[in-house]
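Colleague: Pasting a structure below so you can have a look.
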Amino acid sequence: MSKRAVLEVIALDVEDAVAAQAGGADRLELVTDMAADGLTPSAATVAGIRAAVDIPVRVMLRLADGFAAGSVERLVDAAGAMREAGAEEFVLGFLDADGGVDLDAVERLAGELQGCPWTFHRAIDGSADREVLRKRLDGMAGLDTYLTAGSAQGVDAGLPTLLAEAGRRGEPGYEQQLLVGGGLRLEHVPLLLEGGVDAFHIGGAARPGGWSGPVSVEAVAEWRGVLGG
Numbered sequence: 000m001s002k003r004a005v006l007e008v009i010a011l012d013v014e015d016a017v018a019a020q021a022g023g024a025d026r027l028e029l030v031t032d033m034a035a036d037g038l039t040p041s042a043a044t045v046a047g048i049r050a051a052v053d054i055p056v057r058v059m060l061r062l063a064d065g066f067a068a069g070s071v072e073r074l075v076d077a078a079g080a081m082r083e084a085g086a087e088e089f090v091l092g093f094l095d096a097d098g099g100v101d102l103d104a105v106e107r108l109a110g111e112l113q114g115c116p117w118t119f120h121r122a123i124d125g126s127a128d129r130e131v132l133r134k135r136l137d138g139m140a141g142l143d144t145y146l147t148a149g150s151a152q153g154v155d156a157g158l159p160t161l162l163a164e165a166g167r168r169g170e171p172g173y174e175q176q177l178l179v180g181g182g183l184r185l186e187h188v189p190l191l192l193e194g195g196v197d198a199f200h201i202g203g204a205a206r207p208g209g210w211s212g213p214v215s216v217e218a219v220a221e222w223r224g225v226l227g228g
């Protein structure tokens with residue numbers, strides 16, 4: 000029997016989280032301010048969602064638009080506040096001015112998380128060299144997932160890269176799960192599944208009314224049905 004594919008849904012609040020779980024989501028990515036592509040939510044929102052659902056929740060650690068870390072001390076403080084609110088899984092990723100991974104910032108935060116699982120997000124799609132980034136992060140404590148569209152332009156442009164990277168699963172730097180998101184549509188799913196991708200991330204696709212509206216149970220359920228399970 001094949002293993003069911005993971006479906007991760009972006010949630011902004013408790014209402015989103017409850018709807019996503021009801022639709023069949025396996026995990027949530029919790030953020031605020033999608034106008035800035037998702038920033039760290041409030042501790043109160045984290046606590047409320049942890050109390051409302053029983054699926055895993057990955058909390059964004061990002062304080063400003065873009066992929067620069069900014070103040071690492073503020074990020075460390077945010078991570079501590081999120082953990083105190085009940086967060087056990089996280090999302091982060093930072094680049095330096097040359098498009099390489101900001102290893103100092105990532106190592107500092109990974110150390111603060113003390114082994115909690117985390118996703119390196121779509122900063123990989125903005126990096127100067129994806130393979131170099133993966134190699135530099137190889138063995139980083141807690142890193143178990145890369146969220147990527149394969150390209151800064153989205154899944155349409157990134158499909159060849161996604162399929163190539165899925166085919167390298169298990170190689171050094173490629174042990175982590177490939178979580179595909181960023182312009183992902185249902186018509187992409189069959190090819191990605193066939194290529195070995197087993198994790199999918201949706202945001203706007205879960206909201207027929209756009210980002211001003213809530214997550215739709217029915218929209219999430221449709222994705223769950225296409226992915227199986």
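When we follow numbering that gives the first Met the number 0, the leftmost residue of the sequence shown carries the number 0, and every step to the right adds one.
For glycine and all other residues, C-beta sits at the position ideal for the given N, C-alpha and C.
With DSSP as the reference, label Val100 as helix, strand or coil.
Modeller: Note: Val100 maps to strand in three-state DSSP.
Colleague: Label Leu226 either buried or exposed according to how many other C-beta atoms from any shown protein chain fall within 10 Å of its C-beta, with 16 as the threshold for buried.
Modeller: The residue is buried, with at least 16 neighbouring Cβ atoms inside 10 Å.
Colleague: CB-CB under 6 angstroms to Gly47, same chain, minus the five flanking residues each way: which ones, in chain order?
Modeller: Excluding residues within five positions, the ones whose Cβ falls inside 6 angstroms are Val13.
Colleague: Just checking my contact of Ser126 with Leu158 at CB under 8 angstroms: how many whole Å lie between their CB atoms?
Modeller: Not a contact, Cβ separation roughly 18 angstroms.
Colleague: If you follow the alpha helix (DSSP H) that Val75 is in, where does it begin and where does it stop?
Modeller: Taken as a continuous stretch (DSSP letters only), the alpha helix (DSSP H) holding Val75 covers Val71 to Glu83.
Colleague: I'd like the span of the beta strand (DSSP E) that includes Leu191, first residue to last.
Modeller: Per DSSP, Leu191 belongs to no beta strand (DSSP E); it is in the alpha helix (DSSP H), Val188 to Glu193.
Colleague: Assuming Arg60 is part of the beta strand (DSSP E), what are its boundary residues?
Modeller: According to the sequence as given, residue 60 is Leu; it is not Arg. Here Leu60 belongs to no beta strand (DSSP E), and DSSP marks it neither H nor E.
Colleague: Ignore the nearest five residues each way along the sequence and tell me which others in Thr39's own chain have a CB closer than 8 angstroms to its CB.
Modeller: Cβ neighbours of Thr39 beyond the five flanking positions: Val30, Thr31, Val58, Met59, Leu60, Arg61, Leu62, Ala77 and Met81.
Colleague: Could you tell me the distance, in whole angstroms, from the CA atom of Ala42 to the CA atom of Gly79?
Modeller: Spanning the two alpha carbons is a distance of roughly 10 angstroms.
Colleague: Let me check understanding here. Comparing Cα to Cα, which of Ala19, Ala4 and Lys2 lies closest to Ala10?
Modeller: Ranking the options by Cα distance to Ala10, first place goes to Ala19.
Colleague: Under three-state DSSP, which class holds Trp222?
Modeller: Reduced to three states, the DSSP call for Trp222 is helix.
Colleague: I'd like the list of long-range same chain contacts for Val71, defined as Cβ closer than 6 angstroms, with 5 residues on each side in sequence excluded.
Modeller: Taken in chain order, the residues that qualify are Ala104 and Arg107.
Colleague: Would you report the Cα separation of Arg184 and Thr144, rounded to the nearest angstrom?
Modeller: Whole-angstrom Cα-Cα distance: 20 angstroms.
Colleague: So with Cβ pairs under 9 angstroms, would you call Leu192 a contact of chain C?
Modeller: The structure shown contains no chain C; it is built from a single protein chain.
Colleague: Where in the stretch 14–62 do unbroken runs of the beta strand (DSSP E), each at least 3 residues long, occur, reported from the N-terminal end onward?
Modeller: Listed in chain order, the complete beta strand (DSSP E) runs (minimum 3 residues) inside the stretch 14–62 are 26–29 and 56–59.
Colleague: Locate the alpha helix (DSSP H) running through Val154, then write down its first and last residues.
Modeller: Val154 to Ala165 is the span of the alpha helix (DSSP H), which, as asked, contains Val154.
Colleague: Quick one: is Ser211 buried, meaning 16 or more other Cβ sit within 10 Å of its Cβ, or exposed?
Modeller: Per the 10 Å Cβ criterion, exposed.
Colleague: Considering Cα atoms alone, identify which of Ala50, Glu130 and Phe66 is closest to Asp36.
Modeller: The shortest C-alpha separation from Asp36 is found at Phe66.
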